[in-house]
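K.L.:
Let me give you the structure first, and then I'll get to my questions.
Numbering (our numbering), first residue to last: 58 to 153.
Written out as structure tokens, the structure reads:
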């Protein structure tokens with residue numbers, strides 16, 4: 058699969074600041090930051106794992122927001138554009 062030119066990637070996972078240095082690190086309030094500087098919305102969980110000799114891997118579970126399509130009806134109207142001195146304007150008002 059080819060990556061799109063405008064794709065985003067996860068840059069960092071920011072845990073909330075600790076209230077006390079001796080406390081365990083709380084997970085609520087953790088932010089997932091993207092390469093454009095925005096925060097990933099809808100994050101349900103973040104799982105970090107690593108294998109010996111490997112690198113950290115993050116599995117991020119996201120609850121997507123489904124945006125319903127908007128149905129719209131349009132009527133196309135063709136308009137004839139002329140200048141004020143056009144012959145078609147001079148004869149348009151004539152009664153035949």
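C-beta: ideal position from N, C-alpha, C; glycine also.
Would you kindly check if the distance between the Cβ of residue 90 and the Cβ of residue 118 is under 8 Å?
P.N.:
no
K.L.:
Quick check: the Cα distance between residue 58 and residue 114, rounded to an integer number of angstroms?
P.N.:
Residue placement at residue 58 is flagged as unreliable, the pLDDT there being 46, under the threshold of 50; the coordinate-derived value follows with that caveat. So the alpha carbons of these two residues sit roughly 20 Å apart.
K.L.:
Please work out which residues of its chain come closer than 7 Å, Cβ to Cβ, to residue 71, disregarding the five sequence neighbours upstream and downstream, and give them in chain order.
P.N.:
Apart from the 5 residues on each side of it in sequence, residue 71 sits with its Cβ closer than 7 Å to the Cβ of 87, 88 and 90 in its chain, given in chain order.
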